[in-house]
Every structure is written in structure tokens, then in C-alpha cells.
Amino acid sequence: MTLIYKLGLERNELGIAAAGSMVLLLATVVLTLAVQFARRREAR
29 MTLIYKLGLE
39 RNELGIAAAG
49 SMVLLLATVV
59 LTLAVQFARR
69 REAR
């Protein structure tokens, strides 16, 4: 998170910061789906 901030705002590397943000978003979505899947499976 701090690296994305530094790249985007301090170093003005907006493309790399945007790509890093997309990777972070994708990781968050994957982890969220994995937890939801595990909870549903546990409830059965």
C-alpha cells in the first residue's frame, strides 16, 4: 500500500501505481472469494 502511494504521488509514476493497485484489488477479491467459499463449505 505504501509503495503504491510512493510511486503514484511522490515519484509521479502513475502507470506503475495503477498496475499495483489493480494487483492489490485482484488479490483482495481472490482472498475474499476464498474465505466465502470456505465458510459456505464449513456451514454444510
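For the sequence shown, position 7 (counting from the first letter as 1) is numbered 35 according to the numbering used here, and the numbering increases by one without interruption.
Yeah, the Cβ is synthetic: ideal placement off N, Cα and C, and Gly gets one too.
Where does M50 fall in DSSP's three states? helix
Less than 8 Å between the CB atoms is what I'm expecting for L59 and G48, so what's the real figure, rounded? Wrong, their Cβ atoms sit about 17 Å apart, outside the cutoff.
State the start and end residues of the unbroken alpha helix (DSSP H) segment that holds L31. 30–33
Here's a check: name, in chain order, each residue in its chain whose Cβ is nearer than 6 Å to the Cβ of R69, leaving out the five neighbours to either side. none
Go through its chain and collect everything with a Cβ distance to I44's Cβ below 6 Å, but skip five positions before and after it. L35
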